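Notes to accompany the following structure.
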Amino acid sequence: MMTQSSNAPAGHDGARRLGNYNYAILNIAALVREFETAGRPVTSLNIGDPTLYGFEPPSQLTEACIAALKQGRHSYTPSCGIPVAREAISRDAAKRAVCVSDEEVIITSGATEAADLLCTALLNPGDEVLCPAPGYPLYSALVSRQEARNVPYRLDPANGWLPVPAEIERLMTPKTRLLVIINPNNPTGALYPPSLLAEIAEIARRHRIVCLADEVYRKLIFGGVHYPFASFAGNDLPVFTLESLSKNFMAPGWRTGWMTMANSALVPGLRRALQKLAEARVCAAATPQFAIPAALSLGNEYLLPVMEKLKRQRDLTVAMINGIEGLWCSCPQGAFYVMAKADPVTYAFGSDEEFIVELLRKKQILFVHGSGFGMEAREGYFRIVYLPDTALLEKVFHDLADFLRHHRHHSSITLKSTTRS
274 MMTQSSNAPA GHDGARRLGN YNYAILNIAA LVREFETAGR PVTSLNIGDP
324 TLYGFEPPSQ LTEACIAALK QGRHSYTPSC GIPVAREAIS RDAAKRAVCV
374 SDEEVIITSG ATEAADLLCT ALLNPGDEVL CPAPGYPLYS ALVSRQEARN
424 VPYRLDPANG WLPVPAEIER LMTPKTRLLV IINPNNPTGA LYPPSLLAEI
474 AEIARRHRIV CLADEVYRKL IFGGVHYPFA SFAGNDLPVF TLESLSKNFM
524 APGWRTGWMT MANSALVPGL RRALQKLAEA RVCAAATPQF AIPAALSLGN
574 EYLLPVMEKL KRQRDLTVAM INGIEGLWCS CPQGAFYVMA KADPVTYAFG
624 SDEEFIVELL RKKQILFVHG SGFGMEAREG YFRIVYLPDT ALLEKVFHDL
674 ADFLRHHRHH SSITLKSTTR S
């Protein structure tokens, strides 16, 4: 048994502000190591890494990185990013009706670092941040780390997981500092229509609220059009948009993202703070920055086979989940996730996390519990990553049906026949 050393430095148990810092997508994965150590491989459908399932970045991006290395591009870059990449980002934004200068771009170590920089620069203890529920758990974790308060606004499963603008406005207080919009949404795959985005922008404008627009999946949509939130900013709403190479360009391990700052002149102190933080961490990784111009000059041709494959996998997932009695999900319009629900009336689980852990123990299948995304644990929601091929997905859902058969309150459970497109 370890004992506390009398020579241990004060505060060696860690900073108090990290007490509520949780990241469910990775935290639950710690259970996987227990099984794999015991020789029981797990089908992990908890993390959205497309490269684990055969997806690769376009060759033009890889070639740009190789060329940069061969040209000796090994030095530190400017703190906010190399000029050619920042220019490419601002040009691309302009094509989508977003007005930002090259100087309003910061290249970061993935969109995660961009979110971290913004929360660190903006938030003080006691401030409030409106985040979607369900929503990406990174944001609530970062808010907690700043000792600010996460205020969830609900997405409506009965209306395609869209937010209700009136609720967003109702939740705003004098302490509200930031509004987070995730479009396409993770974990639900919802794609927001322009009328909804315009209404949310008008609410933020009335209340003089800074907005964070997470658009890291903006190219991965199955139809319709993605409208950047910043295109509704006019000249009087500060919108900080996050993007990356990770998902849209299938390069998550490159850890290359960026933040654009529309109307940053309205918040000069925040912009200066962001630049200070960028300088303090020196720069993002140099080599992948040279792939950004190549990525943003591509048409959508590289995405056609990607989206065709994802659509087959999405359609199979939706059909098979809805074919299991007591399970339900809507059809995602973007990204590569589906938020499903196990009816608590049908199944005997004390919480969504209990369901996830028991499924892992019995079938070595790993999803993420809905309460990890801000849902109520009793509601029975869970997120599925549908990146694997259809053969593996079909096996997963048959195993899921078999597992649930033994946890049903009444009678037996069957997997209904499905029609795949």
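Heads up: the sequence shown begins at 274 in the numbering used here, then just goes up one per residue.
We treat Cβ as the ideally placed atom computed from N, Cα and C, and that holds for glycine.
This one's a predicted model, so the numbers in the text were calculated from it and none came from an experiment.
Exposure of residue i, with buried meaning 16 or more beta-carbon neighbours within 10 Å
i: residue 603; result: buried
i: residue 520; result: buried
i: residue 306; result: exposed
i: residue 377; result: buried
i: residue 666; result: buried
i: residue 432; result: exposed
i: residue 684; result: Confidence at residue 684 is low in this model, with a pLDDT of 46, below 50, so the placement of that residue should be treated as unreliable; the coordinate-derived value is given next. By the 10 Å Cβ count, residue 684 comes out exposed.
i: residue 439; result: exposed
i: residue 357; result: exposed
i: residue 690; result: Any reading at residue 690 must be qualified, since the residue scores a pLDDT of 44, below 50, and its modelled position is unreliable; the value itself is stated next. Burial call: exposed.
i: residue 278; result: Unreliable placement is indicated for residue 278, whose pLDDT of 45 sits below 50; the coordinate value is still reported in the next sentence. The residue is exposed, with fewer than 16 neighbouring Cβ atoms inside 10 Å.
i: residue 572; result: exposed
i: residue 577; result: exposed
i: residue 692; result: With a pLDDT of 40 at residue 692, under the threshold of 50, the predicted position of this residue should be treated as unreliable, though the coordinate-derived value follows. Exposed, since its Cβ has fewer than 16 Cβ neighbours within 10 Å.
i: residue 397; result: exposed
i: residue 434; result: buried
i: residue 275; result: In this prediction, residue 275 has a pLDDT of 42, which is less than 50 and means its spatial position is unreliable; nothing more can be read from the coordinates.
i: residue 401; result: buried
i: residue 353; result: buried
i: residue 645; result: buried
i: residue 424; result: buried
C-beta contact flag for residue i and residue j at 8 Å
i: residue 647; j: residue 406; result: yes
i: residue 346; j: residue 560; result: yes
i: residue 660; j: residue 326; result: yes
i: residue 383; j: residue 607; result: no
i: residue 630; j: residue 318; result: no
i: residue 485; j: residue 515; result: yes
i: residue 654; j: residue 613; result: yes
i: residue 564; j: residue 338; result: yes
i: residue 495; j: residue 587; result: yes
i: residue 590; j: residue 366; result: no
i: residue 522; j: residue 330; result: yes
i: residue 381; j: residue 428; result: no
i: residue 566; j: residue 341; result: no
i: residue 411; j: residue 385; result: yes
i: residue 676; j: residue 656; result: no
i: residue 548; j: residue 350; result: no
i: residue 642; j: residue 625; result: yes
i: residue 551; j: residue 379; result: yes
i: residue 525; j: residue 310; result: no
i: residue 669; j: residue 320; result: no
i: residue 513; j: residue 391; result: yes
i: residue 473; j: residue 449; result: no
Nearest residue (CA-CA) to residue i, options the options
i: residue 638; options: 316, 411, 624; result: 316
i: residue 671; options: 641, 636, 653, 659; result: 636
i: residue 451; options: 442, 386, 457; result: 442
i: residue 475; options: 504, 493, 682, 447; result: 504
i: residue 374; options: 403, 609, 536, 594; result: 536
i: residue 335; options: 395, 644, 518; result: 518
i: residue 477; options: 572, 400, 446; result: 446
i: residue 490; options: 363, 673, 609; result: 609
i: residue 399; options: 417, 668, 320, 328; result: 417
i: residue 596; options: 449, 628, 673; result: 673
i: residue 333; options: 645, 627, 600, 569; result: 569
i: residue 575; options: 545, 585, 615, 493; result: 493
i: residue 622; options: 601, 598, 682, 668; result: 682
i: residue 471; options: 497, 458, 437, 459; result: 437
i: residue 705; options: 388, 669, 359; result: This structure cannot speak to residue 705, because the chain is shown only from 274 to 694.
i: residue 580; options: 664, 328, 320; result: 328
i: residue 585; options: 664, 359, 599; result: 664
i: residue 430; options: 415, 408, 554; result: 408
i: residue 599; options: 499, 497, 553, 652; result: 652
i: residue 348; options: 556, 601, 467, 594; result: 556
i: residue 749; options: 308, 322, 313, 497; result: Examination of residue 749 is not possible in this model, given that the chain is present from 274 through 694 alone.
In DSSP terms, what residue i is bridged to
i: residue 514; result: 486, 533
i: residue 317; result: 639
i: residue 425; result: 404
i: residue 663; result: In the DSSP output, where bridge partners are listed per residue, residue 663 has none listed.
i: residue 454; result: 486
i: residue 681; result: 620
i: residue 612; result: 656
CB-CB length for residue i against residue j, believed under 8 Å
i: residue 605; j: residue 611; result: 5 Å
i: residue 453; j: residue 487; result: 7 Å
i: residue 620; j: residue 679; result: In fact, because the Cβ distance is near 10 Å, the residues do not count as touching under 8 Å.
i: residue 456; j: residue 444; result: At roughly 19 Å, the Cβ-Cβ gap does not stay under 8 Å, so residue 456 and residue 444 are not in contact.
i: residue 426; j: residue 403; result: 5 Å
Check: residue i C-beta below 7 Å from any heavy atom of the ligand GDP
i: residue 328; result: For the structure depicted, the ligand GDP is absent and the ligand set is empty, with no information on it obtainable.
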